[in-house]
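Below you'll find the structure, written out as structure tokens, and then a few comments.
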Amino acid sequence: MSNIELLEKKAYMAFKPPKKLSLSEWADENAFLSAESSAEGGRWRTLPYQKGIMDAITDPGIEQVTVMKSARVGYSKILNHVVGYHVHQDPAPIMLVQPTIEDAQGYSKEEIAPMLRDTPCLRGLVSEAKAKDGANTILQKQFPGGTLSLVGANSPRGFRRVSRRIVLFDEVDGYPPSAGSEGDQIKLGIRRTEYYWNRKIVSGSTPTVKDFSRIEKMYNQSDMRRYYVPCPECNHMQYLRWSNIRWFDDDPSTASYCCEKCGVMIPHAKKRWMVERGEWRATGPFNGKHAGFHIWAAYSYSPNAAWSNLVEEFLDAKHDAEQLKTWVNTILGEVWEDEYASKISGESLLQRAAEEKYKQASPPAEVLLLTCGCDCQDDRLSLSVWGWARDEEAYLVDRVVLYGSPSRPEVWKQLDEVLQNPYETEDGRKLNIEVCCIDSGGHHTQEVYGYARERAAMGVIAIKGMGQKGKPPLGKASKVDINFKGRAMKNGAQLFPVGVDGVKSLLFGRLKHNDPGPGYLHFYPTVGPDYFQELTSERQILRYRNGFPERVWTKKSQSPNEALDEMVYAYAALHRMYQKYDRRSIWDQFERRNEPNKPSQLGSRQQKRPKRRNFVQSW
3 MSNIELLEKK AYMAFKPPKK LSLSEWADEN AFLSAESSAE GGRWRTLPYQ
53 KGIMDAITDP GIEQVTVMKS ARVGYSKILN HVVGYHVHQD PAPIMLVQPT
103 IEDAQGYSKE EIAPMLRDTP CLRGLVSEAK AKDGANTILQ KQFPGGTLSL
153 VGANSPRGFR RVSRRIVLFD EVDGYPPSAG SEGDQIKLGI RRTEYYWNRK
203 IVSGSTPTVK DFSRIEKMYN QSDMRRYYVP CPECNHMQYL RWSNIRWFDD
253 DPSTASYCCE KCGVMIPHAK KRWMVERGEW RATGPFNGKH AGFHIWAAYS
303 YSPNAAWSNL VEEFLDAKHD AEQLKTWVNT ILGEVWEDEY ASKISGESLL
353 QRAAEEKYKQ ASPPAEVLLL TCGCDCQDDR LSLSVWGWAR DEEAYLVDRV
403 VLYGSPSRPE VWKQLDEVLQ NPYETEDGRK LNIEVCCIDS GGHHTQEVYG
453 YARERAAMGV IAIKGMGQKG KPPLGKASKV DINFKGRAMK NGAQLFPVGV
503 DGVKSLLFGR LKHNDPGPGY LHFYPTVGPD YFQELTSERQ ILRYRNGFPE
553 RVWTKKSQSP NEALDEMVYA YAALHRMYQK YDRRSIWDQF ERRNEPNKPS
603 QLGSRQQKRP KRRNFVQSW
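Quick note on the working numbering: the sequence shown kicks off at 3 and runs consecutively.
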């Protein structure tokens with residue numbers, strides 16, 4: 003080869019455009035994980051389930067990609083790679099939309115900046131952000147042939163006067179209802195792409211509540227792809243379902259996956275083998291433009307996503323409605339379905355009670371402890387005593403109404419008699435009421451405080467319902483007795499907040515259980531219809547607060563709702579026991595406490611339940 007030919011070749015190589023790669027190929031060749039934004043820094047390696055998502059984004063035959071996901075699946079890194087790919091491989095104007103401007107700024111600093119710094123092929127293509135440089139700021143970056151704009155969904159300015167070929171929507175379920183007065187942010191963002199024949203719209207999010215989740219709606223409009231993996235035993239292809247993860251005796255270490263075809267129990271050690279041989283399959287029709295993907299933590303290689311870890315987190319969350327909702331959203335990558343009171347009739351519960359065999363005031367042998375919820379009215383105290391067995395299987399033990407004004411001591415003496423007299427179980431044990439929650443939110447607040455103060459040693463506590471979303475069943479107490487100096491009295495009454503909305507949602511969900519077992523609610527046969535009318539006297543309705551949709555509890559009519567309130571308070575009382583005892587071992591402790599009486603009967607009743615249970619059934 004002559005010198006002239008050699009020079010021509012070098013010149014050609016210098017000006018030759020980079021090889022056209024798919025997004026996963028580009029990431030595997032070029033991408034690095036920065037130490038400050040990743041658990042493990044170093045070169046990126048695309049996981050099998052990530053490849054389909056990534057390559058759909060650079061597939062010229064696909065216009066829109068939607069990802070409904072859990073945490074721990076690497077979606078944020080995929081977004082980073084989309085930006086890096088177009089900076090280096092296919093320059094274009096890009097818009098990346100975060101829920102708020104603050105989120106956008108944080109994403110730029112914590113994700114984009116480290117990527118641009120640590121990825122060799124990107125160094126020097128985007129200059130560092132400078133406050134006085136309009137071309138390159140934290141939220142605006144230019145590179146040869148394109149620009150990157152980071153926008154907050156709460157800012158209408160970010161969607162004006164710009165055209166973008168690539169629009170990336172991140173955590174869309176966290177967006178406010180509208181970008182100011184401009185309208186829906188996703189529609190606004192898509193409108194910015196109308197002039198490009200080769201536009202790309204990518205949306206991803208952890209879902210939230212059914213009927214309100216934007217990402218679920220978008221996913222349902224796509225071809226709804228799921229990642230199918232083979233069974234190591236029979237090679238049957240299936241996508242992983244939470245209902246097929248099984249375990250023994252509430253022991254997370256025994257978690258394994260049950261093949262839906264052959265029934266073999268697959269250990270977690272086989273997960274990588276399965277995922278590496280998996281493939282994406284559409285479960286809905288493809289319209290030629292919109293590909294959708296659902297992926298959740300069971301597929302992840304992260305140590306925190308081991309099946310045993312998912313089980314452990316479920317067991318910690320399953321008894322708390324808000325925690326369970328978070329778990330469903332962030333681990334399963336699925337919407338949370340609120341339970342509506344209107345779906346439960348008093349008549350159906352009355353029929354169910356008629357099939358029970360135990361008697362009023364005689365707790366069954368399974369019951370290990372008692373709690374009480376007491377509602378304070380102007381002319382009476384109304385209370386329900388609930389018995390609790392393992393896994394929060396619950397039994398209404400007694401319903402008592404004490405007539406008389408709570409302003410007079412006589413009615414409180416009657417309450418003393420109820421709380422101080424033990425209940426005898428079917429197998430001859432004596433059970434005392436461990437905790438009694440009394441509502442202080444009525445017209446007799448000071449009387450409730452005084453009673454709770456004097457009987458704190460008996461487990462009596464004053465409570466007040468809190469309707470705000472996200473409150474725990476029983477919160478941290480505050481001192482409410484104040485001396486003449488305005489200081490809290492050392493031995494004064496304490497007030498415990500109760501997250502009534504979350505507890506109602508949880509208990510109404512349990513009322514829908516059809517089979518006795520974890521979380522099931524039993525009622526003795528002689529409970530009257532009025533009780534069940536009170537129990538189902540509320541429903542959830544949709545309201546908008548500051549533009550955000552929310553479901554709130556309201557009475558169906560003017561009928562009393564004491565039975566519902568008492569059940570809520572009794573459940574809050576159980577959580578007072580969880581504050582005193584280790585939640586995991588509380589049932590073992592109470593079983594040992596009752597063992598000397600009739601251990602054989604207690605043991606025999608417990609052994610009738612199957613030890614291996616489906617998770618979904620244990621909600």
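By construction, the Cβ of each residue, glycine as well, lies at the ideal position given by its N, Cα and C atoms.
These figures come from a predicted structure and were not determined experimentally.
- The Cβ atoms of V505 and A565 lie no closer than 8 Å to each other.
- In the structure shown, the three-state DSSP call for W390 is strand.
- Within the DSSP secondary-structure output, M579 pairs in no beta bridge.
- Secondary structure at H524: strand, using DSSP grouped into helix, strand and coil.
- In the three-state scheme derived from DSSP, where H, G and I count as helix and E and B as strand, Y360 is classed as coil.
- In its chain, beyond the 5 residues on either side, R74, A299 have a beta carbon closer than 6 Å to the beta carbon of A307.
- Contact between V99 and G191 holds, with the beta-carbon distance rounding to 6 Å and staying under 8 Å.
- Classified as buried, G375 has 16 or more neighbouring CB atoms from the shown chains inside 10 Å of its CB.
- Measuring C-alpha to C-alpha distances from D381 to each of E395, W414, Y425 identifies W414 as the nearest.
- Judged by beta-carbon spacing, V399 lies beyond the 8 Å limit of L370, meaning their Cβ atoms are not closer than that value.
- Secondary structure note for M267: its beta strand (DSSP E) is the uninterrupted segment 267 to 269.
- Counting the other Cβ atoms within 10 Å of the Cβ of E449 gives 16 or more, which makes it buried.
- When DSSP reads this structure, A396 sits in a beta bridge with W390, L523.
- Counted as a single uninterrupted DSSP element, the beta strand (DSSP E) harbouring T373 occupies residues 371 to 378.
- When the beta-carbon positions are compared, I203 and Q66 come within less than 8 Å of each other.
- For R512, no beta strand (DSSP E) run applies; the uninterrupted alpha helix (DSSP H) run containing it begins and ends at 502 to 513, by DSSP.
- Cα atoms of T538 and K471: separation of roughly 21 Å, rounded to the nearest angstrom.
- For C439, the closest C-alpha among the options D172, V462, G154 is that of V462.
- Contact annotation, N138 with V128: C-beta distance approximately 7 Å; criterion of less than 8 Å satisfied.
- When DSSP states are grouped into helix, strand and coil, S350 belongs to the helix group.
- Secondary structure note for W28: its alpha helix (DSSP H) is the uninterrupted segment 25 to 32.
- Here K291 has I64, E65, Q66 as same chain residues with Cβ atoms under 8 Å from its own Cβ, once five neighbours each way along the sequence are excluded.
- If only uninterrupted alpha helix (DSSP H) runs of at least 4 residues are considered, those enclosed by the stretch 266 to 327 are 273 to 278, 309 to 319.
- With contacts defined as CB atoms closer than 8 Å, S72 and L334 qualify as a contacting pair.
- Residue state for W46 is assigned as coil, using DSSP reduced to three classes.
- Between R194 and V169, the CB-CB gap stays under 8 Å.
- Rounded to whole angstroms, the Cβ separation of G294 and S224 is 3 Å, and the two are in contact under 8 Å.
- Going by C-alpha positions, N82 is about 18 Å away from I297.
- Shown here, D441 sits in a strand according to DSSP, grouped into three states.
- G452 and A495 have their C-alpha atoms some 7 Å from each other.
- Where F250 is concerned, the enclosing beta strand (DSSP E) starts and stops at 247 to 250.
- Classified as exposed, M491 has fewer than 16 neighbouring CB atoms from the shown chains inside 10 Å of its CB.
- For T48, the closest alpha carbon among the candidates D57, D30, E314 is that of D30.
- Secondary structure note for D225: it is in no beta strand (DSSP E), with a DSSP letter that is neither H nor E.
- With a cut-off of 8 Å on Cβ pairs, the stretch 45 to 59 is in contact with the stretch 270 to 285, counting three or more such pairs.
- The alpha-carbon of E419 is positioned some 15 Å away from that of A459.
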